[in-house]
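Residue numbers for the sequence shown, in this note's numbering: 17 to 158. Just so it is clear, CB atoms sit at the ideal spot from N, CA and C, and this is done for glycine as well. Here the structure is laid out as structure tokens; the discussion comes afterwards.
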Amino acid sequence: MLAKKYPSYAEFAQRQNIQGIFSSPPYIGLINYHEQHAYAYDLFGFERNDELEIGPLFKGKGKIARQSYIRGIADVLTNCKRFLADNYNVLLVANDKFNMYPTIAEKAGMEIVNQYKRPVLNRTEKDKGAYSETIFHLKDII
Ligand SMILES: C[S@@+](CC[C@H](N)C(=O)[O-])C[C@H]1O[C@@H](n2cnc3c(N)ncnc32)[C@H](O)[C@@H]1O
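This is the structure we're talking about:
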């Protein structure tokens, strides 16, 4: 269907027709994704960009890491806005222990219009305790 109307996904995106995004950004200081996906870099010969990873374990969860995380996610959202329709919806799964998402939303010119709690029963962190994470619903500031 897309192919009939638009010659490419790039053109589709540029027409700002994307109604929304549902994504799961990295949780701060939890995983080094370059290490987790190391086999892919080896197999395909991709250049590693560890320093550009948002919120990696090796940067920790301290003040500088948090500032860098806020800037990183806010920049991603700001970039995405170029391709989104006016009345877009962004849904982000986060375990926002440091209450960073209100600042992220503000920096990206978005507002959090709703928060849904999602119980997590199996997890990758070392202890196996159940907890709940948040799905943030963001929209453009009107
Ligand atoms: C929680 S995972 C979610 C992956 C995917 N959305 C999914 O649901 O399977 C977070 C992802 O963000 C990626 N990531 C971290 N920093 C990034 C960056 N600067 N640019 C692009 N991807 C990044 C990581 O490599 C990882 O794959």
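| task | Kindly list the residues whose CB is nearer than 8 Å to the CB of Tyr-22, restricted to its own chain and excluding five residues on each side of it in sequence; keep chain order. | result | The count along the sequence shown starts at 1 and reaches residue 22 at position 6. Excluding residues within five positions, the ones whose Cβ falls inside 8 Å are Phe-28, Arg-31.
| When the Cα of Asn-138 is compared with those of Gln-131, Ala-146, Tyr-132, which residue comes out closest? | Position 122 of the sequence shown, counted from the first residue, corresponds to residue 138. Measuring from the Cα of Asn-138, the nearest candidate turns out to be Ala-146.
| request: Rank Pro-42, Ala-26, Gln-35, Gly-78 by C-alpha distance to the C-alpha of Val-92 and give the top, closest one. | output: Position 76 of the sequence shown, counted from the first residue, corresponds to residue 92. When each option's Cα is compared against that of Val-92, the closest is Pro-42.
| query | If you scan the stretch 115-147 from start to end, which runs of the alpha helix (DSSP H) of 4 or more residues do you find wholly inside it? | reply | Fully enclosed alpha helix (DSSP H) runs of 4 or longer: 117-123.
| task | Pick out the complete alpha helix (DSSP H) segments inside the stretch 32-75, 4 residues or longer, and give them in chain order. | result | 49-52, 54-60
| query | Which word fits Arg-82, buried or exposed, when buried means at least 16 other C-beta atoms lie within 10 angstroms of its C-beta? | reply | Locating residue 82 in the sequence shown gives position 66, counting from the first residue. Buried.
| Could you give the residue range of the alpha helix (DSSP H) that holds Tyr-104? | Looking up residue 104 in the sequence shown gives position 88. Careful: Tyr-104 lies outside any alpha helix (DSSP H), inside the beta strand (DSSP E) at 100-110.
| Can you tell me where the alpha helix (DSSP H) with Gly-88 in it begins and where it stops? | Locating residue 88 in the sequence shown gives position 72, counting from the first residue. 79-97 is the extent of the alpha helix (DSSP H) around Gly-88.
| Is Tyr-117 near ligand 1, in the sense that its beta carbon is under 7 Å from a heavy atom of that ligand? | In the sequence shown, counting from the first residue as 1, residue 117 sits at position 101. Tyr-117 Cβ: outside cutoff for every heavy atom of ligand 1.
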